[in-house]
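Undergrad: Remember, my numbering sits 197 above the position in the sequence shown when you count from 1.
We treat Cβ as the ideally placed atom computed from N, Cα and C, and that holds for glycine.
Quick one: the structure is below, questions incoming.
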Amino acid sequence: MVGSALLPLTLSCDRQPSSTPSEPAEAPPPVEEERVLEEGRSEFNHVVVTQQGSMRRMYFEVDGKRLLQSTYDVARPQMLHHEVFQTMVGSLLVQPGVQRMCMIGLGGGQLSNYLFRTVPGLTIDVVEICPEVVRLARAYFGVPDDPRYRTHVDDGRVFVEQQEPASVDLLVHDAYRGHSIPKHLRTQEFFESCAARLAPGGVLVANMHRRSARYPADRATMAAVFRHCYRFSSADDVQTSVVSTMAEDVVSPEVLLANAQRLQPGFDIDLRGLAGRCLVDEAGWDPTAIPHDDFEGTLDEAARRHNLSCAPRCDGDE
Numbered sequence: 198m199v200g201s202a203l204l205p206l207t208l209s210c211d212r213q214p215s216s217t218p219s220e221p222a223e224a225p226p227p228v229e230e231e232r233v234l235e236e237g238r239s240e241f242n243h244v245v246v247t248q249q250g251s252m253r254r255m256y257f258e259v260d261g262k263r264l265l266q267s268t269y270d271v272a273r274p275q276m277l278h279h280e281v282f283q284t285m286v287g288s289l290l291v292q293p294g295v296q297r298m299c300m301i302g303l304g305g306g307q308l309s310n311y312l313f314r315t316v317p318g319l320t321i322d323v324v325e326i327c328p329e330v331v332r333l334a335r336a337y338f339g340v341p342d343d344p345r346y347r348t349h350v351d352d353g354r355v356f357v358e359q360q361e362p363a364s365v366d367l368l369v370h371d372a373y374r375g376h377s378i379p380k381h382l383r384t385q386e387f388f389e390s391c392a393a394r395l396a397p398g399g400v401l402v403a404n405m406h407r408r409s410a411r412y413p414a415d416r417a418t419m420a421a422v423f424r425h426c427y428r429f430s431s432a433d434d435v436q437t438s439v440v441s442t443m444a445e446d447v448v449s450p451e452v453l454l455a456n457a458q459r460l461q462p463g464f465d466i467d468l469r470g471l472a473g474r475c476l477v478d479e480a481g482w483d484p485t486a487i488p489h490d491d492f493e494g495t496l497d498e499a500a501r502r503h504n505l506s507c508a509p510r511c512d513g514d515e
């Protein structure tokens, strides 16, 4: 012991040990290796599905590196265990009467699966650019086979612009390709298209990295389009989701908490705590930072070009 004198140690053959030697501790069980279950390739992605213990993972492999896209715990398939998806549930605190949902970006379907189970009568359309993501998500990640849960292989913006105006209560934007988002899914014109598809009181929720270099530009863009934006953060303030709406009135903290208390019995995440981690984002975003469409030709052509640019970062990303 530091700072203490060392006492002499005496041994006697006549003294018996005061206690028997302890049994050697059992070695911990070996950690199961992560093994590949299946791979798929399309013109957009090299998709790898693995399993380690009860955890399945979906990766995009780029230049020999795996970028994690989604996880699925086969031992707890009902659980929404990623904090970023939990913050996206904040959209229901702003608009609790969701019945029609459209999601851009499927991945392993963790959020869409969870909302399909927990929101009674919810109909879901999920659009995903990569056919292999859809196939593998259905095979390994518990995406349900149900007429109320439809998957579409298409570009997210092309799909949104084909929908009827005011036809969606909740539009979920999670179109990451690795760590980046194709530019045509970040412009003011894109968010204007989204706003036009929201029903009265409808909301758009976007998975955003608040500490990324592009966050100020993305927030300036959303502030230029939507009347109100609410930022929900994880308990450690690392994960962030922004909920935007064209509704006239601001949803007060008291209403957010009341909505959380009413919905809480149907959810296994802390909605009350989530309501307390909501901020109405301040104004003052730089309008000169807003990205705009700058492509010629058809939207289909531009969408394809931007989607193919992501290897792993998309053109125009910082």
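According to DSSP, which residues form a beta bridge with His370?
TA: Ile301, Ala403
Undergrad: From the DSSP output, which residues share a beta bridge with Asp343?
TA: Tyr346
Undergrad: Does any residue of chain D bring its CB to less than 8 Å from the CB of Glu358?
TA: Protein chain content of the structure displayed is limited to a single chain, and chain D is not contained in it.
Undergrad: So Met419 and Tyr412 are in contact, right, with Cβ under 8 Å, and what is the actual spacing, rounded?
TA: Contact between Met419 and Tyr412 is absent: CB atoms are separated by about 11 Å, not below the 8 Å threshold.
Undergrad: Quick one: any contact between the stretch 468–483 and the stretch 324–338, if contact means 3 or more CB pairs under 8 Å?
TA: no
Undergrad: Cα separation between Glu325 and Leu505?
TA: 14 Å
Undergrad: Which runs of the beta strand (DSSP E), 3 residues or longer, sit entirely within the stretch 256–298?
TA: 262–270
Undergrad: Starting from Cys391, follow the beta strand (DSSP E) in both directions and report where the run begins and ends.
TA: First-last for Cys391: 385–394, but that is the alpha helix (DSSP H), not the beta strand (DSSP E).
Undergrad: Among residues of its own chain, excluding the 5 on either side of Asp483, which ones have a beta-carbon nearer than 7 Å to its beta-carbon?
TA: Pro413, Ala417
Undergrad: Got a sec, what are the start and stop residues for the alpha helix (DSSP H) Glu498 sits in?
TA: 496–505
Undergrad: In whole angstroms, what is the alpha-carbon distance linking Leu265 and Phe257?
TA: Distance between Leu265 and Phe257, taken at the CA atoms: about 7 Å.
Undergrad: Who are the Cβ neighbours of Glu523 in its own chain at under 6 Å, not counting the five residues just before and after it?
TA: This structure leaves residue 523 out entirely; the chain is present only between 198 and 515.
Undergrad: What is the DSSP secondary structure of Ser309, counted as helix, strand or coil?
TA: helix
Undergrad: Give the C-beta separation of Asp366 and Gln458 to the nearest angstrom, bearing in mind that I take them to be a contact with Cβ-Cβ under 8 Å.
TA: Not really, about 21 Å apart at Cβ, beyond 8 Å.
Undergrad: Just mark Thr254 as buried or exposed, buried being the case when its beta carbon has 16 or more other beta carbons within 10 Å.
TA: According to the sequence provided, residue 254 is Arg. The question's Thr does not apply to it. With a threshold of 16 other beta carbon atoms within 10 Å, Arg254 meets it and is buried.
Undergrad: Short check: CB of His370 to CB of Val402, under 8 Å?
TA: yes
Undergrad: For Arg408 and Val439, what's the separation of their Cα atoms in angstroms?
TA: 13 Å
Undergrad: Which class does Pro225 belong to by DSSP, given the choice of helix, strand or coil?
TA: Three-state result, Pro225: coil.
Undergrad: Based on DSSP bridge pairs, tell me the residues matched to Arg408.
TA: DSSP, once it has assigned bridges, lists no residue as partnering Arg408.
Undergrad: Out of curiosity, what's the CA-to-CA distance linking Ile301 and Leu368?
TA: Our two residues, Ile301 and Leu368, have alpha carbons roughly 8 Å apart in a direct line.
Undergrad: Can you give the Cα-Cα distance for Val400 and Ser441, rounded to whole angstroms?
TA: For Val400 and Ser441, the distance between alpha carbons rounds to 6 Å.
Undergrad: Quick one: residues in its chain with C-beta nearer than 6 Å to the C-beta of Thr284, no 5 flanking neighbours on either side, listed in chain order?
TA: Phe429, Ser431, Gln436, Ser438
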